[in-house]
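Here is the structure we will look at.
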Amino acid sequence: MARRPLVMGNWKLNGSKAFTQELIAGLNAELAGVSGCDVAIAPPVMYLAEAEKALVGSQIALGAQNVDVNVQGAFTGDISTAMLKDFGAKYIIIGHSERRTYHKESDEFIAKKFAALKEAGLVPVLCIGESEAENEAGKTEEVCARQIDAVINVLGVEAFNGAVIAYEPIWAIGTGKSATPAQAQAVHAFIRAHIAAKSQLVADQVIIQYGGSVNDANAAELFTQPDIDGALVGGASLKAPAFAAIVKAAAVAKN
Ligand code: PEP
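Below you can see the structure in the form of structure tokens.
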């Protein structure tokens, strides 16, 4: 089944109002006339208003890097699904390894965020992936299965209809050491088979992005792999030419 690739930029804790305007203007120019790939960016929530304005008429969708499980009330510092929708955000990253590590987010808590996003009609981008130690101990599949099952156990496999999984080996994030296309493909195939064991239909349509030091030099080869449906991009998403080159590589490889 042909899946439309998705390339998404995760800006993390970077940017300013001016940076947001400039980067989006650069991306709009670089991506004019490019088709065959869905594109999204996730600026810091502080800049969603600037981003929303700069994206009027653009093919680039707005996203966010996190969301809370509560919709409103006494939850100091949190951001709800309704607030993200208010700014036109569509793709919401949850379970990023930086949040799992620095904010001690558990699989169960992330599953609640997944549920909140589905309830709100937003697209969860569920990040999963193993640490270097887990990789060396041969536990990659076990970790990925556990992180996916945390959602399936609560919401059922159908929750992955219209959702996105980003396989991001932690040892590859921000290190410049990407998984090889073959390494990534093997894990993506495992993830898809794991979902297919519950529902082939869901497995066939779910977008599985690779993330971890994707750049304009290595993207094209990663996208030749059949189960790699795009990328979640950190560092290289902060420069319009590099991010646009990754989008173009996906559009070429997948069409
Ligand atoms: C990320 O944080 O999601 C990521 C993949 O970062 P980088 O591309 O910088 O490795």
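Start counting the sequence shown at 151; every next residue gets the next number (the numbering used here).
Glycine included, each C-beta is placed from N, C-alpha and C at the ideal position.
Check, Outcome
"Just the Cα atoms here: how many angstroms apart are residue 394 and residue 356?", "23 Å"
"Just to check my reading of the structure: residue 236 and residue 211 have Cβ atoms closer than 8 Å, yes? What is that Cβ distance to the nearest angstrom?", "Contact doesn't hold; Cβ gap of about 15 Å is too wide."
"What is the DSSP secondary structure of residue 240, reduced to helix, strand or coil?", "strand"
"In or out: residue 373 buried (at least 16 other Cβ within 10 Å) or exposed?", "buried"
"Could you give the C-beta distance for residue 311 and residue 352, rounded to a whole number, given that I count them as a contact under 8 Å?", "6 Å"
"Return the chain-ordered ranges of every alpha helix (DSSP H) run that is complete within the segment 359 to 397 and spans a minimum of 4 residues.", "369 to 373"
"Using only the heavy atoms of the ligand PEP, determine whether one of them is closer than 7 Å to the beta carbon of residue 386.", "yes"
"What's the gap between the Cα of residue 330 and the Cα of residue 224?", "45 Å"
"Tell me the DSSP secondary structure of residue 331 in three-state form.", "helix"
"Can you name the start and end residues of the beta strand (DSSP E) that residue 191 belongs to?", "188 to 192"
"Is it true that the segment 308 to 326 meets the segment 357 to 370, where meeting means three or more beta-carbon pairs spaced less than 8 Å apart?", "yes"
"Can residue 399 and residue 176 be called in contact, C-beta distance under 8 Å?", "no"
"With respect to the alpha helix (DSSP H) encompassing residue 285, which residues constitute its N-terminal and C-terminal limits?", "282 to 286"
"Answer yes or no: do residue 258 and residue 249 have a C-beta to C-beta separation smaller than 8 Å?", "no"
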